[in-house]
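Q:
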Amino acid sequence: MSRITHIEVIPLAFSDPPLLNTWGVHEPLALRTLVVIRTEDGTTGLGEAGGDITLLRRLEAIAPRLIGTRVDAPSAISDVVRSVLGPDCSLVERNVAQSPFEVAVTDAWARLEGIRVVDLLGGAVRQRVDYAGYLFYKWPGHPGAADDEWGRVLTADEVVRLARTMVESYGFGSLKLKAGVFPPDQEIDAIQALHAALPNVPLRIDPNGAWTEGTALRAAQALEGSLDYLEDPVLSIPAMARVRASTTLPLASNMIVNTLEDLDAVVAASALDIVLADHHYWGGLRSALDLARECAAAGLGVSMHSNSHLGVSLAAMTHVAAASDAISYASDTHFPWNRDDDIVADDTFTFDRGALSVPDGPGLGVELRPDVVERLHRAYLESGRTIRDDTGYMRSVDPDYDARLPRF
Ligand code: GKR
Ligand code: MG
Numbered sequence: 000m001s002r003i004t005h006i007e008v009i010p011l012a013f014s015d016p017p018l019l020n021t022w023g024v025h026e027p028l029a030l031r032t033l034v035v036i037r038t039e040d041g042t043t044g045l046g047e048a049g050g051d052i053t054l055l056r057r058l059e060a061i062a063p064r065l066i067g068t069r070v071d072a073p074s075a076i077s078d079v080v081r082s083v084l085g086p087d088c089s090l091v092e093r094n095v096a097q098s099p100f101e102v103a104v105t106d107a108w109a110r111l112e113g114i115r116v117v118d119l120l121g122g123a124v125r126q127r128v129d130y131a132g133y134l135f136y137k138w139p140g141h142p143g144a145a146d147d148e149w150g151r152v153l154t155a156d157e158v159v160r161l162a163r164t165m166v167e168s169y170g171f172g173s174l175k176l177k178a179g180v181f182p183p184d185q186e187i188d189a190i191q192a193l194h195a196a197l198p199n200v201p202l203r204i205d206p207n208g209a210w211t212e213g214t215a216l217r218a219a220q221a222l223e224g225s226l227d228y229l230e231d232p233v234l235s236i237p238a239m240a241r242v243r244a245s246t247t248l249p250l251a252s253n254m255i256v257n258t259l260e261d262l263d264a265v266v267a268a269s270a271l272d273i274v275l276a277d278h279h280y281w282g283g284l285r286s287a288l289d290l291a292r293e294c295a296a297a298g299l300g301v302s303m304h305s306n307s308h309l310g311v312s313l314a315a316m317t318h319v320a321a322a323s324d325a326i327s328y329a330s331d332t333h334f335p336w337n338r339d340d341d342i343v344a345d346d347t348f349t350f351d352r353g354a355l356s357v358p359d360g361p362g363l364g365v366e367l368r369p370d371v372v373e374r375l376h377r378a379y380l381e382s383g384r385t386i387r388d389d390t391g392y393m394r395s396v397d398p399d400y401d402a403r404l405p406r407f
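Just so you know, we're using numbering that gives the first Met the number 0 here: the sequence shown kicks off at 0 and counts up by one.
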């Protein structure tokens, strides 16, 4: 089986609208890292990771040590990652650094076999993967710039307008509102307005742990009947368990389950109904599938989390969801917010009734647009940016911005 001969680790910066979250606001450029491996017979494999400098430096340190690895031995990657990162790195940090290499190697292996990644992962349990439309409050444009195509989303009516646009453009059959931005009553009103406007669309709200336990209890009671699930209202397992015990709403999280030990603790405390898996944080495609299996065995539902991303990540998520019947909810995606700057061919992803067909492959089934990769890499270098800093950007506009969690 073919061995890796080259690896490129390419930092990228791409346009991002001013989306509000509890930490602050998205900066004009989001950062991401592309990993491209090549094998001795010229096969390529792609992976995508976050863009912060610490991770970038780790990926750059790991890459040369993977030269010579066979692409049909993805388990060899974790030994290299462990030895390069050393004992001071946490399991989660190792998993984050491992993920893009595991995805790239799997892509190359599947390409070599002439099959789709999903088939290499055990076969497709579905050919279409549902995604949820991801609603954000947002400024009309970045400070000093013209309004963007999405316009202003600061009121309940504007959230409903955004939801209608997302549903009309993509056919999403579920919607998630990023919350923890405004006083909770305002966000509860927005969900109630969405529920009234789109009664057949399951809704989620995610304040990223910005709410106190008291607020979470009150919000849960107010939103019973309007929500499909409530995501990360609070940030500790005991607090989540207490909220869960007081509501009929299903509770979900991508913040309190980061390791299998966390999963055991969550199950022991009856703290959650749904875990949001994310192959970027769990060490790659296989570990995300293992997590999904473990969750299902423990009686938990599974959805998938996303951060601002490009098409290699979207393809990887689609193959993961297609390979797992444990993934029982539509997955999050930021795709509509970032699609114009995508590094993969324009026509790769066409949403049909909120779902993507699993790309035909071989491999992940995506091809890079080299001119766009080059442009986004230049944008990265010229920007001088090295970390995501939503709070710093918000404070450049509102110097007193309070990003404490919880604070509402
Ligand atoms: O893009 O602002 C954002 C989101 O808040 C993201 O950073 C979160 O990781 O979407 C994510 C979540 O579900 O927590
Ligand atoms: Mg979340």
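Note that the Cβ used here is the ideal one computed from N, Cα and C, for glycine as well.
Under 8 angstroms by Cβ, that's how I've got Trp336 and Ser302 pegged, so tell me the actual separation to the nearest angstrom.
A: That belief does not hold up - the Cβ atoms of Trp336 and Ser302 are roughly 19 angstroms apart, past 8 angstroms.
Q: Please report how far the alpha carbon of Gly122 lies from the alpha carbon of Glu381, in whole angstroms.
A: For Gly122 and Glu381, the distance between alpha carbons rounds to 43 angstroms.
Q: Looking only at its own chain, which residues have a Cβ that is under 8 angstroms from the Cβ of Thr246, when we skip the five neighbours before and after it?
A: Leu216, Ala219, Gln220, Glu223, Leu229
Q: Can you find at least 3 beta carbon pairs, one from the region 74–81 and one from the region 389–399, that sit closer than 8 angstroms?
A: no
Q: Here's the rule: buried if 16 or more other CB atoms are within 10 angstroms of the residue's CB, otherwise exposed. What is Val124?
A: exposed
Q: For Arg352 and Ala329, what's the separation of their Cα atoms in angstroms?
A: 12 angstroms
Q: Since Asn20 and Asp272 should fall inside the 8 angstroms C-beta cutoff, what is the C-beta to C-beta distance between them, to a whole number of angstroms?
A: In fact, because the Cβ distance is near 23 angstroms, the residues do not count as touching under 8 angstroms.
Q: The ligand GKR and Asp408: does the residue's C-beta get closer than 7 angstroms to at least one heavy atom of that ligand?
A: Residue 408 falls outside the range modelled here, since the chain spans only 0 to 407, and no answer is possible.
Q: Would DSSP call Asp289 helix, strand or coil?
A: helix
Q: Is any heavy atom in the ligand MG found nearer than 7 angstroms to the beta carbon of Asn94?
A: no
Q: Compare the beta carbon distance of Ser305 and Thr332 with 8 angstroms and say whether it is the shorter of the two.
A: yes
Q: Rounding to the nearest angstrom, what Cα-Cα distance links Gln191 and Tyr130 in this structure?
A: 22 angstroms
Q: Is Leu313 near the ligand GKR - that is, is its Cβ less than 7 angstroms away from at least one heavy atom of it?
A: Leu313: no, Cβ never under 7 angstroms from the ligand GKR.
Q: Here's the rule I'm using: 16 or more other beta-carbon atoms within 10 Å means buried, otherwise exposed. How should Gly300 be labelled?
A: buried
Q: What I want to know is whether the C-beta of His304 ends up closer than 7 angstroms to one or more non-hydrogen atoms of the ligand GKR.
A: yes
Q: Name the DSSP beta bridge partners of Asp15, please?
A: The partner list for Asp15 (beta bridge, DSSP) is empty, contrary to what the question assumes.
Q: Does the region 167–184 touch the region 199–209, meaning 3 or more C-beta pairs lie closer than 8 angstroms?
A: yes
Q: What do you reckon, is the C-beta of His25 under 7 angstroms from a heavy atom of the ligand GKR?
A: Taking non-hydrogen atoms of the ligand GKR into account, the C-beta of His25 is found less than 7 angstroms away from one of them.
Q: Apply the 10 Å Cβ neighbour rule to Gln97 and answer buried if 16 or more other Cβ atoms are within range, or exposed otherwise.
A: buried
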